[in-house]
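Residue numbers (our numbering), protein chains in the order written: chain G, 69 to 367; chain B, 69 to 367.
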């Protein structure tokens with residue numbers, strides 16, 4: 069990037085002040101309000117070229133994804149996103165329009181979700197593009213939905229459909245912020261997380277955090293149409309990762325309330341039950357097999 | 069890094085919960101309190117290998133610096149740092165001890181300043197190390213000290229001494245958090261920022277934000293002993309960057325209060341006055357020359 073100061077001027081012209089934002093981009097920090105009587109929810113996430121996106125992906129979509137992953141985490145906590153900060157490490161000599169296009173993609177998604185981009189930093193380096201985003205959200209005290217609350221007998225539910233997210237959907241997914249808020253209002257779930265590394269790994273994490281197991285019915289797993297039909301379809305749904313759907317557990321009565329009043333297009337699919345035993349895949353004859361060890365860890 | 073999950077386990081063992089932190093590392097996000105009746109101050113900053121540190125710098129010092137730069141920004145707003153989140157993009161194949169050593173350096177500085185590290189993310193990529201840190205602080209409503217408040221007649225003051233920070237001091241500097249809080253309590257300053265890109269560039273930014281100029285007395289600029297004596301010493305003090313000292317402006321009466329009760333070892337040096345004219349360097353005979361155009365922009 070030839071001129072960081074010029075980029076900052078461009079960015080300041082797009083900074084939104086008002087409604088909770090006293091000071092935005094242009095000073096040493098931003099000054100923002102947290103709604104009275106709420107707690108902060110803080111999430112941070114980085115994406116790197118080659119691992120989370122490719123060199124020929126549109127910078128707008130890359131910026132969008134960097135923010136969307138954080139909004140997905142905020143949703144998974146049952147929180148409301150408020151403010152975002154972003155840093156970008158850009159290749160030395162990167163064209164001037166790249167940081168603007170990245171930011172444009174972030175700002176479009178931010179506006180869609182009522183989030184204000186209030187700060188950040190750009191550095192040039194001898195490497196590829198790395199974006200890091202932090203989002204600050206709010207939640208009522210005690211109302212955050214954690215990974216550790218699942219109890220035997222709870223229904224295990226996922227939003228949307230799983231698998232085949234790469235190479236197309238992962239740049240354009242809609243974070244389930246509205247859906248999570250409805251779940252909290254109608255349920256709430258006993259535990260929740262977002263599916264970023266594949267349900268095989270992420271449900272294992274939820275079960276470990278809660279000290280429980282689960283019987284998941286293979287036939288109920290909602291496989292995304294992006295997954296090719298065939299004997300490997302279930303494995304893709306469980307292990308591909310980058311779904312950015314919500315995985316939650318919920319008591320049977322609360323589940324009936326949620327199912328009866330669900331106001332969103334995104335489907336909810338009950339895929340099994342939390343147990344006091346191991347984490348297992350159960351096929352139609354009731355036979356249980358050990359849960360797959362796979363899943364997509366970005367290392 | 070061979071095993072991101074193992075690093076996360078190590079990290080969770082070091083997460084501090086309590087006193088405002090309901091949920092820390094290990095869930096989709098952290099849940100933290102903001103002191104009643106205060107505003108959030110949000111800062112974000114990234115450092116990259118080759119630009120802000122070198123491949124043979126100790127990872128502990130690199131982690132320390134990534135956090136310290138953000139604490140310096142929080143100080144410059146007159147705020148109190150509370151929580152930090154960090155993301156690291158690490159070279160593929162990076163030894164397992166590197167993220168731990170980076171984190172250890174961050175945690176040591178965090179404890180020193182009463183800051184809790186509550187979240188983050190690590191990614192591996194085809195590139196060098198990039199660290200991004202966000203800090204959340206608090207400030208009383210209306211009490212944040214901005215860059216835009218300088219008025220003609222105000223005294224221009226810097227903490228500490230300037231220049232020669234690279235290659236040694238820049239990794240070990242002490243962010244002026246305590247000094248900034250004393251300034252706010254005793255003054256407050258009319259405008260403030262931290263000196264990261266050199267006073268030549270940073271004072272220009274402050275003056276532009278405030279719509280003022282300044283007469284800076286060359287003979288008063290506190291040159292750091294790390295700068296070699298000679299005709300270039302003043303230029304180094306103004307343009308080397310990475311000082312992480314506070315630059316502030318303050319009304320003459322408030323300045324007398326601050327100077328009379330200053331409780332810190334770090335010296336305060338008045339270097340000139342804010343004017344309604346241009347930004348100038350004034351030498352002993354009173355002759356003014358245009359302000360240097362230099363300064364260290366990390367691009």
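All residues carry an ideal CB built from backbone N, CA and C; glycine is no exception.
(request) Check whether the Cβ of residue 310(B) lies closer than 9 Å to any Cβ atom in chain G. (result) As a working mapping, residue 310(B) is identified with position 242 in the second chain. It does not: the Cβ of residue 310(B) has no partner Cβ on chain G nearer than 9 Å.
(request) Rank 342(B), 180(B), 157(B) by C-alpha distance to the C-alpha of residue 170(B) and give the top, closest one. (result) Position 102 of the second chain, counted from the first residue, corresponds to residue 170(B). Cα-wise, what sits closest to residue 170(B) is 157(B).
(request) Output the boundary residues of the beta strand (DSSP E) element that contains residue 338(B). (result) Locating residue 338(B) in the second chain gives position 270, counting from the first residue. Unbroken beta strand (DSSP E) run through residue 338(B): 336-343.
(message) Here's the rule: buried if 16 or more other CB atoms are within 10 angstroms of the residue's CB, otherwise exposed. What is residue 173(B)?
(response) If you number the second chain from 1, residue 173(B) lands on position 105. Buried, since its Cβ has 16 or more Cβ neighbours within 10 Å.
(request) Using three-state DSSP, classify residue 283(G) as helix, strand or coil. (result) What you label residue 283(G) is simply residue 215 of the first chain in a count that begins at 1. Three-state DSSP puts residue 283(G) in a strand.
(request) Please determine, among 140(B), 154(B), 111(B), 141(B), the residue with the shortest C-alpha to C-alpha distance to residue 131(B). (result) Start at 1 with the first residue of the second chain, and residue 131(B) comes out as number 63. Checking every option, the nearest Cα to that of residue 131(B) belongs to 154(B).
(request) Report the rounded CA-to-CA distance for residue 219(G) versus residue 107(B), giving the unit in angstroms. (result) Against the first chain, residue 219(G) aligns to sequence position 151. Against the second chain, residue 107(B) aligns to sequence position 39. So the alpha carbons of these two residues sit roughly 38 Å apart.
(request) Spell out whether any CB of chain G is found under 9 Å from the CB atom of residue 100(B). (result) Your numbering for residue 100(B) matches position 32 in the second chain. For residue 100(B), the answer is yes, since a Cβ of chain G falls inside 9 Å of its Cβ.
(message) Taking the alpha-carbon of residue 337(G) as reference, which of 344(G), 327(G), 76(G) has the nearest alpha-carbon?
(response) The residue you call residue 337(G) lines up with position 269 of the first chain. With distances taken between Cα atoms, residue 337(G) lies closest to 327(G).
(message) Considering only their Cβ atoms, is the gap separating residue 114(G) from residue 239(G) smaller than 9 Å?
(response) For the purposes of this step, residue 239(G) is taken as the residue at position 171 of the first chain. For the purposes of this step, residue 114(G) is taken as the residue at position 46 of the first chain. It is not a contact, given that the beta carbons lie outside the stated cut-off.
(message) Between residue 325(B) and chain G, is any beta-carbon pair separated by less than 9 Å?
(response) By one-based count along the second chain, residue 325(B) stands at place 257. It does not: the Cβ of residue 325(B) has no partner Cβ on chain G nearer than 9 Å.
(message) Between the alpha carbons of residue 296(B) and residue 101(G), how many angstroms are there, rounded?
(response) Taking the second chain and counting its residues from 1, one reaches residue 296(B) at position 228. Taking the first chain and counting its residues from 1, one reaches residue 101(G) at position 33. Computed Cα separation, rounded: 46 Å.
(message) Excluding the 5 residues flanking residue 149(B) on each side, which residues of the same chain have their C-beta closer than 7 Å to its C-beta?
(response) Mapped onto the second chain, residue 149(B) falls at position 81. The residues are 139, 142, 181, 183, 203, 205, 245.
(message) Quick check on DSSP: helix, strand or coil for residue 155(G)?
(response) Here residue 155(G) refers to the residue found at position 87 when the first chain is read from its first residue. Here residue 155(G) sits in strand by DSSP.
(request) Assess, as a yes-or-no matter, whether the segment 222-234 of chain G is touched by the segment 122-129 of chain G under the definition of 3 or more beta carbon pairs within less than 8 Å. (result) no
(message) 9 Å is my cut-off, CB to CB: does residue 107(B) come that close to chain G?
(response) By one-based count along the second chain, residue 107(B) stands at place 39. Yes, its Cβ sits closer than 9 Å to a Cβ of chain G.
(message) Restricting to Cα atoms, I'd like to know which of 152(G), 257(G), 166(G), 95(G) is closest to residue 125(G).
(response) Residue 125(G) sits at position 57 when you count from the first residue of the first chain. Among 152(G), 257(G), 166(G), 95(G), the Cα nearest to that of residue 125(G) is on 166(G).
(message) Just verifying my parser: in three-state terms, what is the DSSP assignment at residue 367(G)?
(response) Numbered from 1 along the first chain, position 299 holds the residue referred to as residue 367(G). Bear in mind that the predicted position of residue 367(G) carries a pLDDT of just 42, short of 50, making it unreliable; the figure below should be weighed with that in mind. Coil.
(request) Have a look at residue 92(G) and residue 185(G) and give me their C-alpha separation to the nearest angstrom. (result) As a working note, residue 92(G) is residue 24 in the first chain. As a working note, residue 185(G) is residue 117 in the first chain. In a straight line, the C-alpha of residue 92(G) is about 8 Å away from that of residue 185(G).
(request) Determine, using beta carbons only, whether residue 267(G) and residue 248(G) come nearer to each other than 9 Å. (result) Locating residue 267(G) in the first chain gives position 199, where the first residue counts as 1. Locating residue 248(G) in the first chain gives position 180, where the first residue counts as 1. No, Cβ-Cβ distance for residue 267(G) and residue 248(G) is not below 9 Å.
(request) Spatial neighbours of residue 373(G) within its chain, please: CB distance less than 8 Å, with the 5 preceding and 5 following residues excluded, ordered by chain position. (result) Nothing in the structure corresponds to residue 373(G), since chain G is present only between 69 and 367.
(request) Please confirm if residue 173(B) has its CB atom under 9 Å from at least one CB of chain G. (result) Position 105 of the second chain holds residue 173(B). For residue 173(B), the answer is no, since every Cβ of chain G falls outside 9 Å of its Cβ.
(message) Please state whether the Cβ-Cβ distance between residue 315(G) and residue 270(G) is less than 9 Å.
(response) Counting from one through the first chain, the residue named residue 315(G) turns up at place 247. Counting from one through the first chain, the residue named residue 270(G) turns up at place 202. Yes.
(message) Does chain G have any CB closer than 9 Å to the CB of residue 236(B)?
(response) Looking up residue 236(B) in the second chain gives position 168. No - not a single Cβ of chain G is within 9 Å of the one on residue 236(B).
(message) Please tell me whether residue 341(G) and residue 359(G) are closer than 9 Å, where the distance is taken between their beta carbons.
(response) Counting from one through the first chain, the residue named residue 341(G) turns up at place 273. Counting from one through the first chain, the residue named residue 359(G) turns up at place 291. For residue 341(G) and residue 359(G), no; Cβs fall outside 9 Å.
(request) Can you check DSSP and say which residues form a bridge with residue 356(G)? (result) Within the first chain, the letter at position 288 stands for residue 356(G). According to DSSP, residue 356(G) bridges with 350(G).
(request) Might you give, ordered along the chain, the residues of its own chain that have their beta carbon closer than 6 Å to the beta carbon of residue 356(B), omitting 5 neighbours on each side? (result) Counting from 1 along the second chain, the entry for residue 356(B) is found at position 288. Cβ neighbours of residue 356(B) beyond the five flanking positions: 348, 350.
(message) Check this for me: beta carbons of residue 228(B) and residue 335(B), under 9 Å apart or not?
(response) Translated into the one-based positions of the second chain, residue 228(B) becomes position 160. Translated into the one-based positions of the second chain, residue 335(B) becomes position 267. Closer than 9 Å, so yes.
(request) Go ahead and pull the three-state DSSP assignment for residue 181(B). (result) The residue labelled residue 181(B) in the question sits at position 113 within the second chain. Coil.
(message) Please report the straight-line C-alpha distance between residue 187(B) and residue 79(B), rounded to a whole angstrom.
(response) Along the second chain, one-based indexing puts residue 187(B) at 119. Along the second chain, one-based indexing puts residue 79(B) at 11. So the alpha carbons of these two residues sit roughly 10 Å apart.
(request) Within its chain, find whatever has a CB closer than 6 Å to the CB of residue 189(G); leave out the 5 residues flanking it on each side and keep chain order. (result) For the purposes of this step, residue 189(G) is identified with residue 121 of the first chain, where counting begins at 1. Only 155 meet the Cβ criterion.
(request) Given a cut-off of 9 Å, decide if residue 325(B) and residue 254(B) are closer than it, judged by their beta-carbon atoms. (result) In the second chain, the residue the question calls residue 254(B) occupies position 186. In the second chain, the residue the question calls residue 325(B) occupies position 257. Contact flag set, yes.
(request) Counting only the same chain and skipping the five closest in sequence on each side, list residues whose C-beta sits under 8 Å from that of residue 152(B). (result) For the purposes of this step, residue 152(B) is taken as the residue at position 84 of the second chain. 135, 138, 174, 178, 183, 184, 185, 186, 201, 202, 203, 204, listed in sequence order.
(request) Run down chain B in chain order and give the residues with a C-beta less than 7 Å from the C-beta of residue 110(G). (result) Position 42 of the first chain, counted from the start, is the residue given in the question as residue 110(G). Residues of chain B passing the Cβ test: 97, 98, 100, 151, 153, 186, 187, 204.
(request) Would you mind sorting residue 120(G) into buried or exposed? The rule is 16 or more other CB atoms within 10 Å of its CB. (result) Along the first chain, read from residue 1 onward, the residue named residue 120(G) stands at position 52. So residue 120(G) ends up on the buried side.
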